[in-house]
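Everything on this sheet refers to the single structure shown next.
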Amino acid sequence: MRKYLILAALIACAAEAQNRSGLEFASEEIRRLQASDAENPGMLWVDQGAKLFAQKCASCHVSMKGVATRYPAVEDGRIVTLEAKVRHKQAFAYESDELLALTSYVAHQSRGMPMNTKISEKDVEKGKAAYYRRRGQMNLACAHCHEQNWGKHLGAETLSQGQPNGYPAYRLEWQKMGSLERRIRACMFGLHAELPPYGSDAMLELELFLVWRANGLPIETPAVRR
Amino acid sequence: MKRREFMGSLTALAVSPHISTTDPLVYSFTKGRPVRPGRVKLEMPPLAENGHSVAMTVRVDSPMTPSDHVRAVYLIAEKNPVRDMAVFYLGAHCPRAEVSSRLRLNGSQQVVAIAELSDGSFWSDAAFVEVREAACTDGG
Amino acid sequence: MALARIDLPHEARRGELVEVRIVIQHPMETGFRRAPQGERVPRNAIHSLVCRYSGTEVFRATLSTGIAANPFLRFFLRATQSGDLDFWWLDDDEVQGAAKTHLVVSS
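Protein chains in written order, with this note's numbering: chain R, 57 to 282; chain P, 93 to 232; chain H, 6 to 112.
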């Protein structure tokens, strides 16, 4: 009898430890919006990205299917995000509509495919430390909300696991499309912590850890989030 | 009292519980004519996760024929700083008096829909939406 | 030029009810928001929108800042003959936008 109880507990733990997309913590309206390509405002950026891709990238690149599942990646010891890759020919400004459109388009080509980055636990040591480090006036670490208390309420909201698989995402709070880095900065703002600059080492390390942690979750771009 | 006068006074009693006909915004298009509750159905979620985008569908019970149709539907917010939200112009050519959009609500409030029919009558419905705020302020 | 996404069945039978959906990329700026430096972002919302089907107006709307950013509209028209669906809109900055699609109508 005890053996079965232990087994049940282990299965329950495994289920508990399973990665869950932010979609699972979203309201019915948000889930409905994300599911409808006709109504999802994020698709406007994907459309824009398709046009830009045809103009600027198609001369060298053919299909982007599966590409987003492999980023961020570690190349020659450096962390490389999808944004950095897209900027290799033209340095679009971070959070510009053009960059968002192109990254949304590329990520959208992998929609439904599980994140499958080739990152090792060693690669994410710094990011992991950052994830568990207290910061800001609130003196909280990412883990306090997104690991220890996901599923519980903060105000009227349900805390998610802070997974990155939907990004770039259309966030109602922004009333437009935004990147994972913008979302991380928004979280930091909530903690009254210093915001790591876009593309900075601190940001890249945290991003890499988040994606490593999320491995297996399907890409949902363009996700809709509150 | 003649029957017509009696019926007229009954109509005047059927005022809209949703919004006052002397509200300047309402007056701007009704010019004081009565607004009666009914025939319009305003569908909005009772609880909205975020005030930036709240689903709305408005339907009017109308045959939509040349002699009996919906001319326009007016959407008014109770507490937005700018209370006029939209006017949808339909007309006899429109086969179904149904329009959906997404609204921006500045906090929990009532939204009112007023339909203007081809016979010059006005009908209303209202929906109260509880709007939740973000737990963590964003700051961009 | 603002992007738009129009959704409607590619083909319909004459007399059939057709559901039309459109999302337009536009901030519908309320005029109450403040930019990072603290200055007010001026109001700029789409205020007029018209949809014509084979040249005939089938839908018109006056919009205001109470309509959410990247405005979404859904309405109905009756399929008569094959033709273009032309959307036109104008915002507070007097910038026009347009989008077009085609409806095939079979008898």
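All C-beta atoms, glycine included, are put in the ideal place defined by N, C-alpha and C.
All values derive from a computational prediction rather than experimental measurement.
Since residue i contacts residue j with CB under 8 Å, what's their CB separation in whole angstroms?
i: P/Ser192; j: P/Met148; result: 6 Å
i: R/Pro277; j: R/Gly222; result: Just to set this straight, residue 277 of chain R is Thr in the shown sequence, not Pro. Yes, they are in contact, since the Cβ atoms of R/Thr277 and R/Gly222 sit about 6 Å apart, within 8 Å.
i: R/Gly192; j: R/His248; result: 5 Å
i: P/Met177; j: H/Ile72; result: 6 Å
i: R/Glu151; j: R/Arg238; result: 6 Å
i: P/Pro173; j: P/Asn142; result: Not confirmed; about 18 Å, so no contact.
i: R/Tyr161; j: R/Gly105; result: 3 Å
i: R/Gln231; j: R/Ala270; result: Actually they do not touch by this definition, with Cβ atoms about 26 Å apart.
i: R/Asn172; j: R/Arg126; result: 7 Å
i: H/Thr67; j: H/Met33; result: H/Thr67 to H/Met33, Cβ: 13 Å. No contact.
i: H/Arg26; j: R/Glu95; result: 7 Å
i: R/Ala163; j: R/Pro224; result: 6 Å
In chain P, which residues lie less than 8 Å from residue i when you measure between Cβ atoms?
i: R/Leu228; result: Glu141, Asn142, His144, Ser145
i: H/Pro76; result: Ser193, Arg194
i: H/Phe37; result: Pro173
i: H/Val100; result: Within chain P, no residue comes near H/Val100; the closest Cβ sits about 19 Å away, beyond 8 Å.
i: R/Ile86; result: Glu141
Which residues of chain H have a Cβ atom closer than 9 Å to the Cβ of residue i, listed in chain order?
i: P/Ala184; result: Neighbours of P/Ala184 on chain H: none; closest Cβ ~11 Å, over 9 Å.
i: R/Met99; result: Arg10, Val28
i: P/Met177; result: Leu68, Ser69, Thr70, Gly71, Ile72
i: R/Gln104; result: Leu8, Gln30
i: P/Phe180; result: Phe64, Arg65, Ala66, Thr67, Leu78, Phe80
Run through chain P and tell me which residues come within less than 9 Å of residue i, C-beta to C-beta.
i: R/Ile240; result: In chain order: nothing, as chain P lies at least about 12 Å away.
Between the beta-carbon of residue i and the beta-carbon of residue j, is there less than 9 Å?
i: R/Arg167; j: R/Ile240; result: no
i: H/Ala17; j: H/Thr35; result: no
i: P/Arg151; j: P/Phe214; result: no
i: H/Trp93; j: H/Ala84; result: no
i: R/Gln165; j: R/Gly122; result: yes
i: P/Lys133; j: P/Asp153; result: yes
i: P/Gly130; j: P/His161; result: no
i: R/Asp257; j: R/Ile175; result: no
i: P/Pro138; j: P/Val221; result: yes
i: R/Pro128; j: R/Glu263; result: yes
i: P/Met156; j: P/Ala189; result: yes
i: H/Val55; j: H/Arg65; result: yes
i: H/Arg79; j: H/Glu21; result: no
i: P/Arg194; j: P/Ser120; result: no
i: R/Gln90; j: R/Leu100; result: no
i: P/Ile111; j: P/Ala218; result: yes
i: H/Phe81; j: P/Pro187; result: yes
i: R/Phe265; j: R/Val180; result: yes
i: H/His31; j: H/Asn75; result: yes
i: H/Leu95; j: H/Gln86; result: no
i: H/Asp12; j: H/Tyr58; result: no
Which chain R residues sit within Cβ distance under 7 Å of residue i?
i: P/Arg224; result: Ala212
i: P/Pro138; result: The contacting residues do not exist; P/Pro138 stays about 11 Å from chain R at best.
So residue i contacts chain P; which residues on that side make the cut at Cβ distance below 7 Å?
i: R/Ser83; result: Glu141
i: H/Leu22; result: Pro187, Arg188
i: H/Arg83; result: Pro187
Using a cut-off of 9 Å between C-beta atoms, extract the partners of residue i located in chain R.
i: H/Pro3; result: No information on residue 3 of chain H is available, as it lies outside the stretch 6 to 112 that chain H covers here.
i: P/Pro155; result: In chain order: nothing, as chain R lies at least about 28 Å away.
Could you name the residues that DSSP lists as bridge partners for residue i?
i: H/Cys56; result: H/Phe64, H/Phe92
i: H/Arg10; result: H/Val28
i: P/Leu167; result: P/Ala178, P/Ala205
i: R/Lys141; result: DSSP output for R/Lys141 lists no bridge partner at all.
i: H/Gln86; result: The partner list for H/Gln86 (beta bridge, DSSP) is empty, contrary to what the question assumes.
i: H/His107; result: H/Asp89
i: P/Phe214; result: P/Val127, P/Glu208
i: R/Pro274; result: R/Pro170
i: P/Val152; result: P/Val132
i: H/Arg18; result: H/Ser111
i: P/Asp160; result: P/Thr157
i: P/Leu139; result: P/Glu222
i: H/Leu78; result: P/Ser193, H/Ile27
Can you pull the chain H neighbours of residue i, defined as C-beta to C-beta under 7 Å?
i: R/Glu95; result: Arg26, Val28, Phe77
How would you list, in chain order, the residues of chain H whose beta-carbon sits under 8 Å from the beta-carbon of residue i?
i: P/Tyr119; result: Residues of chain H passing the Cβ test: none, with the nearest at roughly 17 Å.
i: P/Ala169; result: Gly71
**OP:** Report the residue ranges of all alpha helix (DSSP H) runs contained in full by the segment 205–248 of chain R; include only those spanning at least 4 residues, in chain order.
**Re:** 236–246
**OP:** May I have a chain-ordered list of the beta strand (DSSP E) segments no shorter than 3 residues that lie completely inside the segment 179–211 of chain P?
**Re:** 190–195, 201–209
Original post:
At which residue ranges does the segment 97–155 of chain R contain complete beta strand (DSSP E) runs of 3 or more residues, listed in the order of the chain?
Top reply: 129–131, 134–136
Original post:
Which ranges would you report for the beta strand (DSSP E) in the segment 171–199 of chain R if only whole runs of at least 3 residues count?
Top reply: none
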